[in-house]
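Heads up: the sequence shown is residues 363 to 863, going by the numbering used here. Glycine residues also receive a C-beta, built at the ideal position from the N, C-alpha and C atoms. Being a predicted model, the structure only gives us computed values, none of them experimental. One structure is given below, encoded as structure tokens.
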Amino acid sequence: MDSILTRGSNGLEVRVQELSTFRAAFVSVAVSGMVFISSLSTGLLATGLPKIAANLGLPDALILWPASIFGLTCGCSLISIGSVADVIGAGPVYLFGCVFLSLSFLACGLARSGTELIIFRGFQGVAASCCLPTAISILTEIFPQGRQQTRGLAILGASQPLGYSAGLFLGGVLVDSIGWRWGWYIASILSMVVFGIVYQAVPGLRKQMPLDTWRRLALGIDWIGALIASACLGLLSYVLAVTASKRSHIGEVQNIILLVIAALLIPAFPVWMARRTKLNKKALIPNSVWQSIPFASTCVMLFLVSAVINCGEYFFSLFFQEVQLLSALQASLRFLPNVIIGIMISFGTDAVLHKWDAYRYVTAMLLISCVAPLLMALMDPAWSYWYMAFWGMLLLPFAGDVLFIAGALIITDSFSASDQSLAGSILNTAFQFGSSVGLAVMAVISTSVSDASSHSDEHRTHALLEGYRAAFWSLLGLAVLYCFVGAIGLRGIGKIGLKKE
363 MDSILTRGSN GLEVRVQELS TFRAAFVSVA VSGMVFISSL STGLLATGLP KIAANLGLPD
423 ALILWPASIF GLTCGCSLIS IGSVADVIGA GPVYLFGCVF LSLSFLACGL ARSGTELIIF
483 RGFQGVAASC CLPTAISILT EIFPQGRQQT RGLAILGASQ PLGYSAGLFL GGVLVDSIGW
543 RWGWYIASIL SMVVFGIVYQ AVPGLRKQMP LDTWRRLALG IDWIGALIAS ACLGLLSYVL
603 AVTASKRSHI GEVQNIILLV IAALLIPAFP VWMARRTKLN KKALIPNSVW QSIPFASTCV
663 MLFLVSAVIN CGEYFFSLFF QEVQLLSALQ ASLRFLPNVI IGIMISFGTD AVLHKWDAYR
723 YVTAMLLISC VAPLLMALMD PAWSYWYMAF WGMLLLPFAG DVLFIAGALI ITDSFSASDQ
783 SLAGSILNTA FQFGSSVGLA VMAVISTSVS DASSHSDEHR THALLEGYRA AFWSLLGLAV
843 LYCFVGAIGL RGIGKIGLKK E
């Protein structure tokens with residue numbers, strides 16, 4: 363096997379080897395396991411939320427909080443934890459995240475009230491932020507650039523949307539059988555299984571940290587920049603989540619103050635980054651990062667794609683259960699095309715992305731995905747599932763699966779190994795924040811239209827349908843927007859993921 367000398371995420375030089383095809387696939391699946399399980403838990407919640415809210419006495423004003431709080435805490439933690447991983451190494455942070463996630467899953471399964479569930483979901487977001495960016499860094503350290511790395515990143519890219527889709531399906535099965543709590547118990551057990559496999563099977567994770575690790579943590583990370591970024595994202599997410607529960611909250615004094623603070627922090631962040639750079643100190647996200655147009659465009663697109671996919675699947679689930687009055691199990695079965703096509707797209711992307719022009723391939727997939735929200739908006743509840751809903755489910759994951767893989771490959775082509783955890787955390791922050799913001803905004807749109815509907819309370823289903831359709835039309839607008847961004851921002855990227863000698 364060929365041996366290649368490279369620099370690891372903690373700054374140390376490490377020697378990597380091209381593994382056998384089977385071993386490489388096994389390692390890739392193992393490392394991607396926690397990303398899959400984390401997304402699976404979100405899918406479990408989406409399908410089981412009506413039953414969970416009823417069992418725990420969660421009021422209508424807080425029913426979206428278990429879904430929103432995860433994106434809020436995860437998005438706020440990703441960049442800081444990515445910086446820590448760049449200092450001490452991705453492996454220790456990833457393994458800590460495995461254990462932390464397992465405990466938080468168990469806690470959700472044991473939750474006795476809606477408040478406890480919301481708190482434990484917040485912990486899950488922090489734990490997930492330990493695994494999401496570090497998984498990219500681990501794979502790029504293990505595999506030299508080339509086909510093995512592309513395949514590994516394809517598996518990782520597929521794990522997030524596939525985990526969410528699988529969670530939707532599994533949640534429906536469990537809610538109508540042994541109970542929703544078992545979904546969290548299963549996730550907790552699987553997390554520890556992945557921890558054991560990764561600890562034993564992935565090379566290089568058990569290496570000793572440098573002696574100056576604590577000094578580098580204290581002095582080598584821009585903690586003020588991390589505080590500014592986290593506070594800005596957190597305040598925006600919080601206000602949006604509160605507004606989603608009740609529109610009148612936007613006019614409350616405390617929420618206006620929080621919005622003003624968040625707005626002031628937005629320009630403060632690049633100013634602080636410029637100051638750190640001028641003083642020759644390490645900046646959390648150097649402004650120069652955004653000079654890479656493909657990377658910046660990918661972040662914007664992932665934000666929009668995340669909103670379209672996660673909100674689309676969430677409202678699809680509500681459409682099946684609240685409008686068509688299907689059981690959770692029947693609704694979950696209708697997500698199977700989403701899971702199957704996601705697997706096919708991910709491995710198809712692995713097979714062609716290093717051969718074909720990435721710009722044409724990615725933009726084509728983005729355009730195809732636009733059809734999904736259009737079909738959703740035009741659906742009639744009386745129509746057969748196979749007429750439109752099936753095709754909407756089939757086309758919905760096209761953009762997310764392809765773009766996540768392309769984004770990971772752009773990182774490996776554009777950033778040094780010592781900065782790849784941070785770059786990966788930026789991509790994941792865009793994805794998580796897109797989901798959180800999208801869910802809050804679409805909830806406001808849907809609720810506003812439903813409340814303004816001319817249908818009486820006796821025809822609540824018709825009012826809900828009007829609200830859901832308004833959300834689907836809004837998602838179509840976002841889909842057209844990410845196609846426009848991709849058409850401009852990805853121009854000229856050519857082939858990506860090629861082996862570098």
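DSSP places tryptophan 546 inside the alpha helix (DSSP H), whose first and last residues are 543-563. Listed in chain order, the non-local C-beta contacts of tryptophan 652 below 6 angstroms within the same chain comprise Ala658, local neighbours out to five positions each way being set aside. DSSP, read as helix, strand or coil, puts cysteine 732 in coil.
Contact between valine 393 and leucine 524 fails: their C-beta atoms lie close to 15 angstroms from each other, not under 8 angstroms. When DSSP states are grouped into helix, strand and coil, tyrosine 830 belongs to the helix group. Per the coordinates, the alpha-carbon of proline 495 lies some 43 angstroms from the alpha-carbon of arginine 822.
Here asparagine 642 carries a coil assignment [DSSP, helix/strand/coil]. In its chain, beyond the 5 residues on either side, Gly405, Glu675, Phe697, Asn700, Val701, Gly704 and Pro759 have a beta carbon closer than 8 angstroms to the beta carbon of serine 527. In the structure shown, glutamine 686 falls within a coil segment according to DSSP collapsed to helix, strand and coil. With fewer than 16 other Cβ atoms from the protein chains shown falling within 10 Å of its own Cβ, tryptophan 585 counts as exposed. Under the three-state reduction of DSSP output, glycine 471 falls in the helix class.
When Cβ pairs closer than 8 angstroms are counted between the two stretches, the stretch 836-855 is seen to touch the stretch 724-738, the count reaching three or more. The Cβ atoms of leucine 664 and leucine 837 lie no closer than 8 angstroms to each other. Between alanine 849 and threonine 477, the alpha-carbon positions lie close to 44 angstroms from each other. Here isoleucine 590 really is in contact with leucine 627; their C-beta atoms are around 6 angstroms apart, less than 8 angstroms. Between the stretch 689-696 and the stretch 527-538 there are three or more C-beta pairs closer than 8 angstroms, enough to call the two in contact.
Selection Leu579, Ser812, Ser539 and Leu771 evaluated against leucine 501 yields Leu771 as nearest (Cα-Cα). Pairing serine 491 with tryptophan 745, the inter-Cα distance amounts to about 41 angstroms. In this structure, the beta-carbon distance from glycine 471 to serine 550 falls below 8 angstroms. A straight-line Cα-Cα distance of about 20 angstroms links serine 403 and isoleucine 559. Apart from sequence neighbours up to five positions away, the residues of its chain that approach cysteine 436 with a beta-carbon distance below 6 angstroms are Gly487, Ala490, Ser491 and Gln794, ordered along the chain. Look at aspartate 538 here: in three-state DSSP terms it is coil, with no helix or strand label.
In this structure, glycine 410 keeps its C-beta atom at 8 angstroms or more from the C-beta atom of glycine 613. Counted as a single uninterrupted DSSP element, the alpha helix (DSSP H) harbouring leucine 680 occupies residues 655-680.
Judged by DSSP in its simplified three-state form, glutamate 614 adopts coil rather than helix or strand.
For leucine 530, the CB contacts under 7 angstroms within the same chain, skipping 5 residues up- and downstream, are Gly405, Ala408, Thr409, Glu675, Ser679, Ser694 and Phe697 in chain order.
CA-CA distance, alanine 624 to alanine 593, rounds to 7 angstroms. By the neighbour-count criterion, in which a residue is buried when 16 or more other Cβ atoms sit within 10 angstroms of its Cβ, glutamine 522 is buried.
Following the DSSP letters along the chain, one finds isoleucine 855 in no alpha helix (DSSP H), marked with neither H nor E. In this structure glutamine 616 is exposed. Its beta-carbon is surrounded by fewer than 16 other beta-carbon atoms within 10 angstroms. Between phenylalanine 677 and alanine 833, the gap from beta carbon to beta carbon is short of 8 angstroms.
In the structure shown, phenylalanine 505 falls within a coil segment according to DSSP collapsed to helix, strand and coil. Look at leucine 420 here: in three-state DSSP terms it is coil, with no helix or strand label. The beta carbon of isoleucine 807 sits closer than 8 angstroms to those of Gly829, Ala832, Ala833 and Ser836, all from its chain and outside the five residues before and after it, given in chain order. Distance from glycine 433 to serine 798 at the Cβ level is roughly 3 angstroms; contact confirmed, criterion being Cβ atoms closer than 8 angstroms.
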